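Trainee:
In this note's numbering, the protein residues as written are 152 to 513.
1) Can you say whether residue 274 is buried or exposed, counting buried as having 16 or more other CB atoms within 10 angstroms of its CB?
2) Ordered along the chain, which non-local residues of its own chain (more than five positions away) have a Cβ less than 6 Å from that of residue 280?
3) Would you check if the distance between the CB atom of residue 460 and the CB atom of residue 451 is smaller than 8 Å?
4) Do residue 293 and residue 326 have their CB atoms nearer than 8 Å?
5) Residue range of the alpha helix (DSSP H) that residue 177 falls in?
6) Between the C-alpha atoms of residue 235 and residue 179, what's the straight-line distance to the nearest angstrom?
7) Please check the pair residue 415 and residue 435, which I expect to be a contact at CB under 8 Å, by giving their CB distance rounded to whole angstroms.
8) Would you identify the three-state DSSP class for residue 452, choosing helix, strand or coil?
9) Assuming contact is defined by CB atoms lying nearer than 8 Å, are residue 322 and residue 306 in contact in what I supplied?
10) Evaluate residue 181 with the Cβ neighbour count: other Cβ atoms within 10 Å of its Cβ, from every protein chain shown; 16 or more gives buried, anything less gives exposed.
11) By the DSSP assignment, the alpha helix (DSSP H) with residue 223 in it spans what residues?
12) Tell me which residue opens and which closes the beta strand (DSSP E) that residue 509 is part of.
13) Tell me the DSSP secondary structure of residue 257 in three-state form.
14) Who are the near neighbours of residue 359 in its chain, counting only those whose CB is closer than 7 Å to its CB and skipping five residues on each side?
15) Does the Cβ of residue 260 have 16 or more other Cβ atoms within 10 Å, making it buried, or fewer, making it exposed?
16) CB-CB under 8 Å to residue 506, same chain, minus the five flanking residues each way: which ones, in chain order?
17) Could you pull the start and end residues of the beta strand (DSSP E) that residue 280 belongs to?
18) What does a CB cutoff of less than 6 Å around residue 355 pick up in its chain, not counting 5 residues either side in sequence?
19) What does the alpha-carbon distance come out to for the pair residue 500 and residue 231?
20) Note down, in chain order, each residue of its chain lying with its Cβ closer than 6 Å to the Cβ of residue 332, except the 5 sequence neighbours on either side.
21) Mind reading off the beta-carbon distance from residue 407 to residue 342? Whole number of angstroms is fine, and I expect it under 8 Å.
22) Let me know if residue 239 comes out buried or exposed under the rule of 16 or more other beta-carbons within 10 Å of its beta-carbon.
23) Residue 226 and residue 486: beta carbons closer than 8 Å?
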């Protein structure tokens, strides 16, 4: 509901407009002027003693004790202010969590087989295919200020695969740790781990999405729904390892209402002859991968240039957009305890002084 003028007035009166989230009950601070009025009234009601002559009054006024008779009153006034601040509930934000009743869940899957070590060019710079993919996937998640808007409100997880599929980061809205782990992904050194298990990677990614949705429904209630579940898989080879074929894994994903987007890099693995690196021919099974994506309602792209990857991820970014109702849940660290302790210490000190060295006649 859009805030109206009455809401703006209430926000101003309660102090939220000028104190922000620094106090749980900022309206209590409106009582501070009352504390000043009480000080004035207390001084006005202060008692005194009638004397018959003022001959010795000058000596009394100039004594050390007389010069600090104001101290108990000042301590009481300060204690009132301190306790009012404590009552206002000083606090500081500790954690801000974005929440929604609907969300898009994306499982990013990146190949790291031996062929991803091949040299490539992106934005005019020489790098490996894997390093280029890392850069574009990072832009897909956080945005690049141009064609990729970023996905700050989505649940995103990361998997990599070679001969085996591995989960690098679970589905989460906190993407910083995931991107750090993406940056650390490397090509396996062992030849036995440099295969291409596309089918196993798809099946595991679909299972992760299904398990995440089931867990969120248990935690949030049946009202929670993943508006969309999708896998974005990048590969540059054929399925040469693993137990499942891509078509079989796609059928599992479709049964769980998971869309599959597959991005294939053409070119295959180059071979070295006499010191010259000669690129191999097409190694993608485009028909199989295209069929796997279509079974789930997704799409398949085959690119010849790594620069074109950014265009593909931008298209996926547009396809997997939905209107999401976002709220926030902020936890705070309460800071009132030191103020309460200070206030009571001031009251205690004022009481001791009034009862002993600075005791006054009624």
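For every residue, glycine included, the Cβ atom is placed at its ideal position computed from N, Cα and C. All of these numbers come straight from a predicted model, not from anything done at the bench.
Mentor: Working from what's here:
1) Residue environment for residue 274: exposed (fewer than 16 other C-beta atoms within 10 angstroms of its C-beta).
2) The answer, listed in chain order, is 267, 269 and 271.
3) The beta carbons of residue 460 and residue 451 sit no closer together than 8 Å.
4) For residue 293 and residue 326, yes; Cβs fall inside 8 Å.
5) Counting along the chain, residue 177 sits inside no alpha helix (DSSP H), nor does DSSP assign it H or E at all.
6) Distance between the alpha carbons of residue 235 and residue 179: 7 Å.
7) Sure, about 4 Å apart at Cβ, within 8 Å.
8) If DSSP states are grouped into helix, strand and coil, residue 452 belongs with the strands.
9) Contact flag set, yes.
10) Exposed is the call here.
11) 222-238 is the span of the alpha helix (DSSP H), which, as asked, contains residue 223.
12) Judged by DSSP secondary structure, residue 509 falls outside any beta strand (DSSP E); it is assigned neither H nor E.
13) DSSP places residue 257 in the strand class (E or B) of the three-state scheme.
14) So the qualifying residues of the chain are 258, 308, 318 and 322.
15) Taking all protein chains shown into account, residue 260 has 16 or more neighbouring C-beta atoms within 10 Å of its C-beta and is therefore buried.
16) Cβ neighbours of residue 506 beyond the five flanking positions: none.
17) That residue, residue 280, is in no beta strand (DSSP E); its alpha helix (DSSP H) goes 280-293.
18) So the qualifying residues of the chain are 316.
19) Straight-line spacing of the CA atoms in residue 500 and residue 231 works out to 13 Å.
20) So the list reads 319 and 320, once near-sequence residues are dropped.
21) The C-beta distance from residue 407 to residue 342 rounds to 34 Å, too long to fall under 8 Å, and the pair is not in contact.
22) Result: buried.
23) Contact flag unset, no.
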